[in-house]
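Numbering (the working numbering), first residue to last: 7 to 455. Where a beta carbon is used, it is the ideal one built from N, C-alpha and C, also for glycine. First up is the structure itself, then whatever we jot down about it.
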Ligand code: PMP
């Protein structure tokens with residue numbers, strides 16, 4: 007379809023993307039019959055691939071029983087079962103699930119719950135939130151204010167709450183100094199966070215919010231060993247909450263259900279979405295600790311927040327089945343195995359590539375970062391839009407991958423993020439790296455490198 011013909015307001019107002027007409031496991035099928043290997047699961051959603059029969063069946067069963075009932079009148083069977091499935095299992099895990107329709111809504115709910123909690127326990131002065139540069143927490147105004155993605159924030163800066171301030175991210179490739187050990191890097195970041203608490207007045211801070219493995223803004227960046235323990239300690243010492251945004255990196259993507267399980271800590275509040283429903287329905291959740299919820303229950307008695315479509319029965323049924331399939335088929339073990347293979351293959355293909363500066367990630371959440379010069383780690387000129395070129399060329403070659411970066415602080419440049427479905431085969435992983443390698447080289451050639 008030509009530009010300007012579609013009445014759908016697409017992200018690009020100049021080009022209408024090709025129509026997707028079908029899905030088949032790891033494959034997406036376009037109207038012209040092309041099959042695209044979905045190596046990023048859209049934006050890290052499609053953990054079970056496309057058209058999984060068990061999920062389709064669960065949705066249809068729920069739709070035929072009850073499609074919708076408003077949550078101010080009713081709860082529903084799938085909402086109760088999903089919450090049961092999501093909380094109360096991992097050591098230190100959270101106790102309640104607030105079911106919403108996506109990641110931004112989950113983050114907004116977390117921010118508001120933290121704020122209301124401090125009002126209820128008699129600390130209304132806690133109005134400040136600390137987040138990190140190079141983070142993304144969603145596109146609604148509260149979540150956007152929390153995020154540190156300069157490019158996404160810029161046009162809306164006058165509308166964003168000044169309650170959020172930003173510290174240096176735990177992004178070793180760009181932020182660690184020459185000669186600095188990982189432990190010293192963590193100590194420096196912790197000192198900076200402590201200084202930010204002091205600047206704001208420690209009793210004025212409600213929460214620190216971070217992604218355990220940074221997704222769209224930086225490209226699969228895990229924190230160095232000990233970072234989250236240090237952050238947890240600082241929050242505890244000052245009576246502030248720790249909110250973890252696992253919208254992209256959670257629900258098994260890194261090989262454990264929650265990415266924080268690998269950090270030796272647990273959050274007070276957590277946002278999940280994407281892999282929760284696997285893309286079958288729009289769904290997200292804010293998970294909260296018992297003491298927070300109990301304080302509000304014993305106080306005003308109600309969370310002063312809500313959305314019309316929250317805990318939607320068909321969305322809950324879909325997510326419940328996605329999570330059951332992950333458990334029944336022990337897919338987290340598969341994520342760990344395939345993740346190791348993906349990392350190995352990326353290292354073989356790009357380890358000596360003169361324009362790939364970093365290969366990083368966890369589980370089936372891996373990225374490469376492109377640099378103009380490996381020695382100085384200087385990014386390519388953003389006007390080349392290298393990551394968009396890679397995306398377009400990869401697509402022509404039958405591969406869907408997720409470009410990121412090229413937009414933050416002028417420090418880091420272009421990344422390509424991979425988040426294949428957990429049901430991928432070993433051959434699919436090989437094919438992803440092979441197709442990506444060709445696309446990267448062709449895109450570099452197209453800009454004279
Ligand atoms: N937080 C993170 C870490 C995300 O990656 C995203 C989406 N990319 C969001 C929040 C927002 O989620 P949604 O697009 O579902 O609103």
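Inset, instruction - Would you identify the three-state DSSP class for residue 399, choosing helix, strand or coil? - result: helix
Legend entry - Where the alpha helix (DSSP H) through residue 70 begins and ends: 59-71
Legend entry - Nearest-angstrom Cα separation, counted from residue 276 out to residue 258: 14 angstroms
Inset, instruction - Assuming residue 435 contacts residue 348 (C-beta within less than 8 angstroms), just tell me the rounded distance between them. - result: 5 angstroms
Inset, instruction - Compute the minimum distance between the beta carbon of residue 155 and the heavy atoms of ligand 1, and state whether it is under 7 angstroms. - result: no
Legend entry - CB of residue 120 within 8 angstroms of CB of residue 106, strictly: no
Inset, instruction - With hydrogens ignored, establish whether the beta-carbon of residue 333 is closer than 7 angstroms to any heavy atom of ligand 1. - result: no
Inset, instruction - Taking 8 angstroms as the threshold, find out whether the stretch 62-76 comes into contact with the stretch 432-450 through three or more Cβ pairs. - result: no
Legend entry - Near ligand 1: residue 292 beta-carbon under 7 angstroms from a heavy atom: no
Inset, instruction - May I have the straight-line CA-CA distance separating residue 368 from residue 286, to the nearest angstrom? - result: 24 angstroms
Inset, instruction - Name the one or two DSSP bridge partners that residue 276 has. - result: 250 and 293
Inset, instruction - Note down the Cα distance separating residue 91 from residue 97, rounded to an integer number of angstroms. - result: 14 angstroms
Legend entry - CB of residue 371 within 8 angstroms of CB of residue 42, strictly: no
Inset, instruction - Pick out whichever of 137, 128, 386 and 47 has its Cα sitting closest to the Cα of residue 117. - result: 137
Inset, instruction - Kindly list the residues whose CB is nearer than 7 angstroms to the CB of residue 9, restricted to its own chain and excluding five residues on each side of it in sequence; keep chain order. - result: Confidence is the limiting factor: at residue 9 the pLDDT is only 46, short of 50, which leaves the residue's position unreliable, though a coordinate-based value still follows. Excluding sequence neighbours, residue 9 sits near 20, 21 and 22.
Inset, instruction - Compare the C-alpha of residue 294 against each of 273, 350 and 189 and name the closest. - result: 273
Legend entry - Three-state secondary structure assigned by DSSP to residue 287: coil
Inset, instruction - Say yes only if the C-beta of residue 254 is nearer than 7 angstroms to one or more non-hydrogen atoms of ligand 1, and no if none qualify. - result: yes
Legend entry - Contiguous beta strand (DSSP E) assignments of at least 3 residues, all confined to the stretch 346-384: 362-368 and 371-376
Inset, instruction - Taking only runs that begin and end inside the stretch 67-102, name each unbroken alpha helix (DSSP H) of 4 or more residues, in chain order. - result: 83-92
Inset, instruction - Following the continuous beta strand (DSSP E) through residue 33, name the residue where it begins and the one where it ends. - result: 33-36
Legend entry - Helix, strand or coil at residue 258 [DSSP, three-state]: coil
Inset, instruction - Assign residue 11 to buried or exposed, taking buried as 16 or more other Cβ atoms, counted over all protein chains shown, within 10 Å of its Cβ. - result: exposed
Legend entry - Three-state secondary structure (DSSP) of residue 13: coil
Legend entry - Three-state secondary structure (DSSP) of residue 18: coil
Inset, instruction - Return the bridge partner residues of residue 201 from the DSSP annotation. - result: Per DSSP, none; premise fails for residue 201.
Legend entry - Cutoff 6 angstroms; reference residue 378; Cβ partners in own chain excluding five residues on either side: 384 and 386
Inset, instruction - Closer than 7 angstroms by C-beta to residue 250: which residues in its own chain qualify, once you throw out the five before and the five after it? Chain order, please. - result: 216, 218, 266, 273 and 276
Inset, instruction - Check whether the Cβ atoms of residue 331 and residue 60 sit closer than 8 angstroms, and answer yes or no. - result: yes
Legend entry - Chain-order list of residues whose beta-carbon lies under 8 angstroms from that of residue 36 (same chain, five-residue window excluded): 24, 25, 26, 27 and 42
Inset, instruction - Determine the closest residue to residue 421 out of 237, 175 and 365, with distance taken between C-alpha atoms. - result: 365
Legend entry - For residue 211, the three-state DSSP class (helix, strand or coil): strand
Legend entry - CA-to-CA distance, residue 229 to residue 153, given in whole angstroms: 17 angstroms
Legend entry - Residues near residue 7 by beta carbon distance below 6 angstroms, same chain, minus five either side: With a pLDDT of only 42 at residue 7, under 50, the local geometry of the prediction cannot be trusted, and the value read off the model is given with reservation. Only 22 meet the Cβ criterion.
Inset, instruction - Consider the C-beta atom of residue 217 and the heavy atoms of ligand 1; say whether any pair is separated by less than 7 angstroms. - result: yes
Legend entry - 8 angstroms Cβ cutoff met for residue 191 and residue 178: yes
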